[in-house]
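Residue numbers (my numbering): 14 to 304. For every residue, glycine included, the Cβ atom is placed at its ideal position computed from N, Cα and C. Treat the numbers as computed from the prediction; the structure is a model and nothing was measured. Comments concern the structure below.
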Amino acid sequence: MIAFEKWHGAGNDFVIVDDRGENGGLGRLDLGGFARQVCDRHFGVGADGLLIAVAGDGVAVAMRMFNPDGSEAEMCGNGLRCFARWLWGRGEIGLGFTRIGTGAGILGVTVADGGAISVDMGYPILHWSDIPVRTDFQGTTGWVTLRLPGWDASTLEATAVSMGNPHAVVFVQDVSKVPLEEIGPQLEGHQVFPRRANIEFCEVVSKTKLRVRVWERGAGVTLACGTGACAVMVAARLHGLVSETAVLELPGGNLEATWAGSASDAAHPVHLTGPTEKTFTGEWSPLLARR
Numbered sequence: 014m015i016a017f018e019k020w021h022g023a024g025n026d027f028v029i030v031d032d033r034g035e036n037g038g039l040g041r042l043d044l045g046g047f048a049r050q051v052c053d054r055h056f057g058v059g060a061d062g063l064l065i066a067v068a069g070d071g072v073a074v075a076m077r078m079f080n081p082d083g084s085e086a087e088m089c090g091n092g093l094r095c096f097a098r099w100l101w102g103r104g105e106i107g108l109g110f111t112r113i114g115t116g117a118g119i120l121g122v123t124v125a126d127g128g129a130i131s132v133d134m135g136y137p138i139l140h141w142s143d144i145p146v147r148t149d150f151q152g153t154t155g156w157v158t159l160r161l162p163g164w165d166a167s168t169l170e171a172t173a174v175s176m177g178n179p180h181a182v183v184f185v186q187d188v189s190k191v192p193l194e195e196i197g198p199q200l201e202g203h204q205v206f207p208r209r210a211n212i213e214f215c216e217v218v219s220k221t222k223l224r225v226r227v228w229e230r231g232a233g234v235t236l237a238c239g240t241g242a243c244a245v246m247v248a249a250r251l252h253g254l255v256s257e258t259a260v261l262e263l264p265g266g267n268l269e270a271t272w273a274g275s276a277s278d279a280a281h282p283v284h285l286t287g288p289t290e291k292t293f294t295g296e297w298s299p300l301l302a303r304r
């Protein structure tokens with residue numbers, strides 16, 4: 014049997030599996046297929062992603078993440094916070110700062126008294142070729158121009174940001190009126206994004222509060238997204254819309270993001286803080302995993 018734990022951060026939920034040492038053995042499985050089965054909310058455990066603990070390169074432990082569609086993601090901010098809290102609960106890391114490997118590189122996490130987790134998400138990537146974004150879609154404002162057939166606002170201006178994975182942030186007057194289920198998949202797979210993209214719609218409530226809805230690449234509508242929250246914070250700062258620290262209201266709960274950067278000086282790390290909670294533990298049959 015494959016032991017797992019189920020965690021969530023602001024409603025963004027994950028199945029965590031250990032694939033190290035005597036706990037290992039996932040290598041014989043199709044991990045993409047395993048993720049599709051486990052993340053299925055009707056016939057599996059149900060999750061926004063599968064997190065797998067593996068031996069690190071230059072660090073004690075690393076995290077691999079798979080989306081519900083079976084694709085492997087570079088990383089996930091809420092996933093990393095849940096992963097760090099899982100490690101802390103097992104006694105593998107202590108209070109204070111530690112480093113964890115991800116597909117986006119080695120990132121720092123800080124565990125505070127009581128288990129609150131803050132993640133140093135690293136520097137945002139803004140050069141279009143590195144996000145990546147096709148440069149022939151650049152609008153006159155320097156934003157990405159996205160044209161969608163069949164929607165009232167058929168042309169959208171998005172801000173492209175990578176937090177180790179690609180994001181497109183669209184600012185709107187009212188996020189509740191965005192037909193996310195309809196246009197989310199169109200934007201995710203838009204030809205401007207060679208590797209697809211995570212999509213965030215943001216309503217600026219004040220200089221310290223942003224209201225956000227998310228369409229995650231490979232997952233669809235989710236209650237929260239850590240890298241998405243960071244991308245929104247960066248985009249809002251680039252356009253002078255928020256202070257250095259802001260609360261982001263997502264359907265699953267609030268996250269706090271801090272970024273001291275600006276359009277003229279982007280070389281600052283983004284920090285993300287928010288709640289984590291274990292919901293349950295369980296076991297998954299390898300026979301089911303092979304199906």
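- Under the DSSP assignment, T240 falls outside any beta strand (DSSP E), being part of the alpha helix (DSSP H) whose first and last residues are 239-251.
- Residue A60 holds the alpha-carbon nearest to the alpha-carbon of G83 among A66, G90, A60.
- The beta carbon of T289 is closer than 7 Å to those of W20, G22, R94, C95, R98, I130 in its chain, skipping five residues each way along the sequence.
- V227 and S277 have their C-alpha atoms spaced approximately 27 Å apart.
- Between I144 and V72, the CB-CB gap reaches or exceeds 8 Å.
- Look at P137 here: in three-state DSSP terms it is coil, with no helix or strand label.
- Judged by beta-carbon spacing, F214 lies within the 8 Å limit of V185, meaning their Cβ atoms are closer than that value.
- DSSP places C215 in the uninterrupted beta strand (DSSP E) bounded by 211-219.
- As for any alpha helix (DSSP H) of minimum length 4 sitting wholly inside the region 32-67, the runs are 44-52, ordered along the chain.
- Counting C-beta atoms within 10 angstroms of its own C-beta, V51 has 16 or more neighbours from the protein chains shown and is therefore classed as buried.
- The region 204-220 and the region 176-192 touch, with no fewer than 3 CB-CB distances between them shorter than 8 Å.
- Straight-line measurement puts the Cα of A249 at about 43 Å from the Cα of G38.
- G239 and C89 do touch by the CB rule: their CB atoms are close to 6 Å apart, below 8 Å.
- Judged by DSSP in its simplified three-state form, I144 adopts coil rather than helix or strand.
- Taken in chain order, the complete alpha helix (DSSP H) segments of 4 residues or longer contained in the region 83-119 are 90-102.
- Annotation for V58: F17, K19, V28, V51, C52, G295, W297 place their beta carbon closer than 8 Å to its own, counting only its chain and skipping 5 residues before and after.
- Straight across, the Cα-Cα distance linking K220 with T115 is about 32 Å.
- Counting of Cβ neighbours within 10 angstroms places M76 among the buried residues, the total reaching 16 or more.
- Cβ contact annotation for E194 (same chain, cutoff 7 Å, sequence separation greater than five): V234, in chain order.
- Here DSSP, grouped into helix, strand and coil, assigns G202 to coil.
- A check of alpha carbon separations from G46 across T271, F293, E35, F79 identifies F79 as the nearest.
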